[in-house]
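In the numbering used here, the protein residues as written are 5 to 112.
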């Protein structure tokens, strides 16, 4: 019974907190130099990441192919796994930076 009353109290408190509105003066934050600089920094970093990730990925893949060609059968599997890891990582980095750039683009 105590647990049920506690749950009702917590839920009631959450409902009251969600339904009450508090006026906020956020215009000054939006126009501050720190926020604008941070948005610009994130845009620049994501742009550079979209450019550099494929270049570094291609260089690593070339290096791994060279090392794989000189390896025996057992080591070739390791190099194949590394090549797949690089490809997946490059795709992930490009998609993450493009998504972040897209999201930040809506707020600028």
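Glycine included, C-beta positions come from ideal geometry on N, C-alpha and C.
Outcome for residue i when other beta-carbon atoms lying within 10 angstroms are tallied against a minimum of 16
i	result
residue 68	buried
residue 41	exposed
residue 16	exposed
residue 96	exposed
Integer-rounded CB distance, given that residue j should sit under 8 Å from residue i
i	j	result
residue 54	residue 102	6 Å
residue 50	residue 104	5 Å
residue 58	residue 90	Not a contact, Cβ separation roughly 11 Å.
residue 46	residue 108	5 Å
residue 66	residue 87	Actually they are not in contact, since the Cβ atoms of residue 66 and residue 87 sit about 10 Å apart, beyond 8 Å.
residue 94	residue 61	3 Å
residue 84	residue 72	7 Å
residue 43	residue 111	7 Å
Whole runs of the alpha helix (DSSP H) within the region 27-111, excluding any shorter than 4 residues: You should have 31-34, 37-73, 77-111.
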